[in-house]
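Structure, as structure tokens:
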Amino acid sequence: MIFLIGLGIAYDITQEGKKLLCECDYAYCETHTMPVPKEYVEALSKECGKEITIIGREEVEGEFLLEKAMEGEGKNVCLLCGGDPLSATTHVSLLIDAKKRGIGTKVVHNSSIFSAALGKSGLQPYRFGKTVTVSFWRKNYEPTSPIRLIGKNLEAGMHTLVLLDLDKELGMMGAKEALGLLGQMEEREGGGMLPGKVVVLSRVGYEDEKITYGSLGELKKAELGKPPFCIAIPAKLHEVEKEYLEAFAGGK
């Protein structure tokens, strides 16, 4: 059986998740979809008396975990991941592959940036449109589709949650770099798509989380906190949304 165990946005495993981890035959942690501190994995390993092996995208998307679960008469395999497991398509695909092979599965849910960031931004969750991701630009790869999707959301009166890229070599994208890339995308697409002010969220769920609301010019000069970041692009604000941003994010 394969157990997908979410560690939440601030790495706080549930009691159910910990019990399954301590009792399983094999334990793994993937850090491709969301970084998980090595120190946290080591602490969990020590607490459960269980070796937890860090694995990459290839093992999660390939046959590795499936083969482990099918060893002998069947083994219990735990896969730990940051956030909520089903927020990542990779994990959904793993469940499908396991189902096709007759391998049982169980998901232990946890907090997700998709719910936490929407709430912390002060913007009403039901007013969000499609989520976009800003990727690192590389040679011959400079996508501008995020700004077009943001524009479509704004035209429909919808806010946009913007996720930032995570790269094995480059690490986590900074908020200012993401804002700069959005500005370049806007220039290439003709301009006039971004609103006057946006919300930058730093380390949502941590003790040192920070929420900043301001114009692009103001945000480029401001201290925005530490990664991981995400950004909320607001459509026209309701009065309650304005009041929240004024109270908690320095909005005026």
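Heads up, the working numbering is the position in the sequence shown plus 1413, with the first residue counted as 1.
Each residue gets a CB set at the ideal place from its N, CA and C atoms; glycine is no exception.
The structure presented is a predicted model; accordingly, all values stated were derived computationally and were not measured.
Separation of residue j from residue i, as counted between CA atoms
i: GLY1475; j: THR1444; result: 15 Å
i: GLY1638; j: CYS1461; result: 33 Å
i: SER1528; j: GLU1622; result: 15 Å
i: PRO1448; j: LEU1478; result: 20 Å
i: GLY1535; j: VAL1653; result: 8 Å
i: LYS1432; j: LEU1607; result: 46 Å
i: HIS1572; j: GLU1480; result: 43 Å
i: ARG1470; j: LYS1581; result: 11 Å
i: ALA1511; j: ILE1526; result: 26 Å
Buried versus exposed, by CB contacts within 10 Å (16 or more), residue i
i: SER1628; result: exposed
i: SER1558; result: exposed
i: ILE1467; result: exposed
i: ALA1569; result: exposed
i: LYS1649; result: exposed
i: LYS1634; result: exposed
i: ILE1509; result: exposed
i: ASN1523; result: buried
i: THR1625; result: buried
Residues near residue i by beta carbon distance below 8 Å, same chain, minus five either side
i: SER1506; result: GLU1474
i: LYS1565; result: GLY1542 and LYS1543
i: GLY1495; result: GLY1419, LEU1420, GLY1421, ILE1422, TYR1424, THR1444, THR1446, MET1447, PRO1448 and VAL1449
i: GLY1596; result: LEU1607 and LEU1629
i: GLY1605; result: GLU1599
Own chain partners of residue i with C-beta closer than 6 Å, once the 5 adjacent residues on each side are dropped
i: HIS1504; result: LEU1417 and PRO1498
i: LEU1492; result: LEU1417 and TYR1441
Proximal residues to residue i (C-beta, below 7 Å), its chain only, five neighbours per side dropped
i: LEU1531; result: PRO1538, PHE1541 and LEU1574
i: ARG1601; result: THR1557
Strand pairing of residue i, partner residues [DSSP]
i: PHE1496; result: Sequence check: residue 1496 is Gly here, not Phe. Paired residues: GLY1421.
i: ASP1580; result: GLY1584
i: THR1518; result: ILE1415
*Taking one C-beta from the segment 1642-1659 and one from the segment 1613-1632 each time, how about it: are there three or more such pairs within less than 8 Å?*
yes
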